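First the structure, in the form of structure tokens, and then the observations on it.
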Amino acid sequence: TKDGERYSVFTYTPWSVLLFFMVLFVMASLAFCFMVSVFFTRANTAASFMGLMWFSTYSAYFLTQMLYEDVSLHTKFLLSLISNAAMGFVLQMLIICEGTSQGLQWSEIFSPVAYHDDFQPGHVVLMLIVDTIIYMTIALYIEKIRPGNYGVPLPWYFPFTKSFWLPNKTRTAGITLKDGIDQEYKNALLKVVHDEEPKGVPMGINIENLTKVYKGRKKAVDNLNLRMYENEITVLLGHNGAGKTTTISMLTGMVPPTSGTATINGYNIVSETELARKSLGLCPQHNVLFPDLTVAEHIVFYSRLKGVQKSKINDEVNHFLKLLELEEKRDVQSAHLSGGQKRRLSVGAAMCGSSRVVLLDEPTSGLDPAARRSLWDLLQKEKKGRTIILTTHFMDEADVLGDRIAIMSGGKLQCVGTPYFLKKHYGIGYKMTIVKQEDCNVQNVTSFLRNYVPDIRENTNIGSELTYILPNEHVSKFPEMLKKFEEERSSLRVSSYGLSVTSLEEVFMKAGAEDHDVITVQKNNYTNHNNSVIVPIENNRNHFANNEPLQKVKGAKLLRNHIKAMFLKLAYNSMRNKLSAFIQIVTPIINITISVIIARSWRFITNLPPLELTLTSGFKNTETLISEGVNLTEASVERRTMMAYMDFFKSSTYPNMVLNDIGTMDIGKFYLKLSESNPARIRYENLIGATFAPNRITAWFSNYGYHDSAISLSLANNALMNALSPGSSLRVINYPLPYSIENLVRILASGSSLGFQFAFNIGFCMAFVTAFLVLFVIKERVSGAKLLQRISGVRPGVLWTCSFIWDWFWMLCVYMTIVLTLAFFQESTLSTPEELGRVLLVLVVFSLATIPLHYLASFFFEASATGFSKMCFVNIFSGCMPFLITEVLRLPEFGSPYYAGIFDWVFAPLPLYCMSRSFKDMSLSSFKMLICDGLCTQLELQNCTRQSLCTQINMTVCCNLDENTFLKWEEPGIGRYLFMMSLVGVIAFSVLLIKEYEVINKIFYSETPYRPLPIRSDEDSDVAAERHTVQQLTKPELAQHSLICKDLTKYYKEFLAVNRLTFAVRKGECFGLLGINGAGKTSTFRMATGDTHLSSGDVYVHGMSVKTQIRDVHANMGYCPQFDALLENLTARETLKIFCLLRGIPVKIGSQWAFQLAEQLGFAMHYDKRFTNAVVEQNGK
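For the record, in the sequence shown the residue sitting at position 677 is 677 according to the working numbering, with numbers rising by one throughout.
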């Protein structure tokens, strides 16, 4: 302050008291978030609903704030069951205590802060603790009975069962009989091909009649019976959708079985899930690691979860770091590990803590051969004392690791046994593979081999590869046959050949074939003898595809297809997000309703009712002091007045109105003495008093209440009148004067109006609603779906313009809800068609600015839920807070209108601020017009206009008010705000297109300052020859190749990821790009598709440069990324339809081709499923 004194927000309350309440509030808030989260399975929906819930629960306090003194104690306790309301009560109590210049002290936690209020800060402490307990109890209970997509639900009455409170914790795994398996399991195995079961061995996992049926689908797992034993690795094989993942999910308790059961070390996974999980370790298909935790911290974390004693943690960490070969990475965060190291750490996290049953779902997926071999060694070392179940798509891995192999198909177990047993049972003999030359006669080759093996049969004949099946019975003739074949190889026109025994892959193809009608194709030179589900696509097309050349649409028709595809994509996504749409519609309705309720509760804006000045006008308890002077005679007027004063209290029926006669004592001294003992009671009860002395009647009053002096004087005059004229009485009533027009406008401008409430609340609401705009665009970009669309030919201008138009029309629907809600309430200044039309105009222009800004902001986020949450806060602090700042600065009592004008221009580029200010100024102008027009009617002046009121009677609020006031540039017009929002929208959308078209990169394309490393002197001769060939290619020759990488180089800052990569892919050639993790394969693909900047070199597709002709490159390129770049709300049919439109394929032909692809790739049965509901592997197809 000017006198050098310092004040804090809470000057007198100790910081520890405030911290104590904040800690309790944080605990309750976290519990509230947990409670809300259990009702949702998607983070986006939960985040959006949470914002609505948070605001709605706070409004419970906000609506009772003005009526706080009239709310009963029981109601306050009930409202405090909402943690936000409870915290609101606490803050209000702290402010009241600060007003007494004492603050809330620790000793007063369980004392009332106001005399007539029995609700204490201590009550709020208890209620916040109760809230936390209630919220957590609800969260835990709902989590148990409704665990969502992952978990086994318990019955609703589970808290009343004995097994829940007193579980059996000493159970051990069952052991197979020494003289054989039990009859029931033996009967189940008779239905499948099986090897002899181990005897006298503990069963880590025992699956009995396990069945899972998803709603509306066939059985995912059908009556599965299987046992897995300790010290063994059991490999579970099956095609995509065979039921492997569902089985694993049921074993971990993530998915409840429809019927049947499974035990883990003797514990039932359905009824004893928690106990079964204590000895269970899981390595999911994708790494689930904490990026900020080190390798050692991961082992510590999972070991502690599994109950390892603290004293043994270091030994556990050292053991697994050595076992995982990660000792050098002990203190390295997992985010900085290579792919193979992350995978080993995931396996270590599953095995640590003495996990006796370990489930590994494709543990080597994404690893290079060296890393896979290392992980195999780890599993072989650690299988002792454990039951390990492993799923994989690598048959060599299953052959090496599997002690026993179980193959599933169509949800059923097809066979189980050792690899040797399965090969022997399904063995079809030996396979001879021959690579033909162009003029090879297959019939001659077959005749030659049949001379030695009469019952030889042709297996496949695809392209240049020819295979035969040779039965085991003729193995003795193989040496002679092979010797003679080698001699005749040239004349038979055979390039090379090989002989192999039955592989596990062939066993899998026979035992694990999908349970649909087997596709048999015998066409041209292809014959399928092995009932495989894999057939060449080109041999399974309908006749129209072979006979009719595909005529793609071009030009305007292609552009129309692109626009149609974009709107279809957006429509499908919007239709599948009904809850998000509902929240966006309901939120403004709730905000407007709250604004109206608050505005209507402020009665002081209207004419105040008359108030009778007496103690019977609503006071709860009063104590009136009365005293008499010395030598007061009985017949004196003063004595009679005193008696009349006392009779008023005696005859009154109003309760709790006490008269305290203190005799001849001095009232002033008596009042001060009472104030020392109980100041709160004195303040609220001792309002008035009177002293009757000779020739003098003194009316005393408290200085706290506005009406105390008038009431005291009224009672004294009433008593005097009754003394002078017995039987008469005097009533004093205060009729408040109406507000002057200037004062009323000033009050409304300060925030006490619906216009201010609407402006602020709708701004807060739009901060929440517009944040939804980033959800889809972030998801589309991060998933890779946007890149696929770009590669399929969509121009950025088309993509973003369609998105803008769609979002603009959707926001228009939200705005119509706002307008209709305002029309329903019919509040002044926001009710007529003209006023509502101006509201809609501001909202529509607001959309033009905020939509492209949110598109730009989406590039800063990598998760849609995170983007939504952060954008909510950004919008609030960039819109609502600046609006409040300028409103405070406009108040002469607190700020400066000059600085308010400066900040108004500073904040003008913020759309939310412009929108809120526009609503506030429009409402104020409408109110001024309403008042001035009403004044003309009341004064009945001739030719009365607003301008005449301004000039003739100096009514300044009516100056410069006409129908064009609203759209004027100067205040209170909103023209400058509409202009700024439009300008920001145009600039933002232009910046978006400049970024997406990479205009700056094209104009100032600069290669990295780090130059590629020189070519190694020991470079492989084939690599050098390929490089030389590519370097010599002319421009016409470049166009004759499908793809050419020429000195392709990529730097990530100083890290060289790809160094002068050079190769050419000829037309009709399948080119394999191999390398260990981190070799640069993904970076090469990203550069080839234009997804990342090229540090040096170039990529050519049909002779077109990725640097300068990316649009033409995309028109000739198809791309399947490493991870599924799909929009989860779309089905396979819808996705293929969209991409056919993008590629310019006619709609009719595109639909036929799409379904053929679905049949040929084996996902026709999943054709109309959304990707969120389909099998993960099917999404890859």
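Even glycine gets a Cβ: it sits at the ideal position worked out from N, Cα and C.
Computed from a predicted structure; not experimentally measured.
Pick from the options that is closest to residue i, judged by C-alpha positions
i	options	result
I233	E98, G281, L379	L379
S500	E486, R489, P471, L492	P471
E780	F39, N1129, Q1152, R493	N1129
V507	H425, L674, G1150	H425
V1058	S1021, E1069, G1072, D1098	D1098
I1015	Q1040, R1060, F1055	R1060
F21	N444, D182, L992, I109	I109
S249	C283, I434, K554, L1013	C283
V475	E505, N441, K431, T945	K431
S923	S831, F619, T956	S831
L251	A276, V235, Y229	A276
F873	S107, S447, G763	G763
S374	T624, M981, E487, L324	L324
Enclosing alpha helix (DSSP H) for residue i [first to last residue]
i	result
Y420	419–426
D1168	Segment: none, D1168 is in no alpha helix (DSSP H) and carries neither H nor E.
E98	83–99
W165	162–165
A710	708–724
G204	No alpha helix (DSSP H) holds G204; the beta strand (DSSP E) holding it covers 203–213.
Anticipated Cβ contact below 8 Å, residue i with residue j, distance rounded
i	j	result
T11	E98	6 Å
F1085	A1132	24 Å between Cβ atoms; not a contact.
F1101	L1043	Sequence inspection shows Val at residue 1101; the Phe mentioned does not correspond to that position. Indeed, because the Cβ distance is near 6 Å, the residues count as touching under 8 Å.
M642	E628	6 Å
L853	A988	5 Å
K928	L884	K928 to L884, Cβ: 23 Å. No contact.
F34	S83	That belief does not hold up - the Cβ atoms of F34 and S83 are roughly 12 Å apart, past 8 Å.
Length of the line joining the Cα atoms of residue i and residue j
i	j	result
I1138	Y1119	15 Å
V1030	A220	52 Å
P609	H707	15 Å
L583	G148	Sequence inspection shows Ile at residue 583; the Leu mentioned does not correspond to that position. Going from the Cα of I583 to the Cα of G148 covers about 21 Å.
K968	F979	11 Å
A371	M87	55 Å
Y497	I1110	44 Å
V400	C352	23 Å
T13	L94	8 Å
I598	P155	44 Å
A85	I594	15 Å
G1144	V999	26 Å
V637	T616	26 Å
K244	A767	45 Å
F1171	I456	45 Å
P694	Y735	34 Å
P112	S677	16 Å
I1003	T1034	26 Å
Residue range of the unbroken beta strand (DSSP E) whose run includes residue i
i	result
F119	Neither: F119 is in no beta strand (DSSP E) and is coded neither H nor E.
G689	688–693
E623	622–628
T261	259–264
R696	696–701
S948	Per DSSP, S948 belongs to no beta strand (DSSP E); it is in the alpha helix (DSSP H), 946–952.
T1062	1055–1066
Contact test: residue i Cβ vs the ligand SAM heavy atom, cutoff 6 Å
i	result
Q551	With respect to small molecules bound, the structure shown includes none, and the ligand SAM cannot be examined in it.
Tell me whether the stretch 310–328 and the stretch 261–272 touch, counting them as touching only if at least three CB pairs, one residue from each stretch, are closer than 8 Å. no
Whether or not the stretch 330–348 and the stretch 249–262 are in contact is what I'm after, with contact meaning three or more pairs of Cβ atoms, one per stretch, closer than 8 Å; do they touch? Contact fails: fewer than three Cβ-Cβ distances are below 8 Å.
State whether the stretch 860–872 contacts the stretch 771–780, with contact taken as three or more CB pairs (one from each stretch) at a distance under 8 Å. Yes, they touch.
Would the stretch 112–127 and the stretch 68–77 be scored as touching if the rule is three or more Cβ pairs under 8 Å? yes
Inter-stretch contact (C-beta, 8 Å, three-pair minimum) for the stretch 1087–1106 and the stretch 341–358: no
With a threshold of 8 Å, are at least 3 pairs of Cβ atoms found where one atom belongs to the stretch 653–662 and the other to the stretch 617–626? Yes, the stretch 653–662 is in contact with the stretch 617–626.
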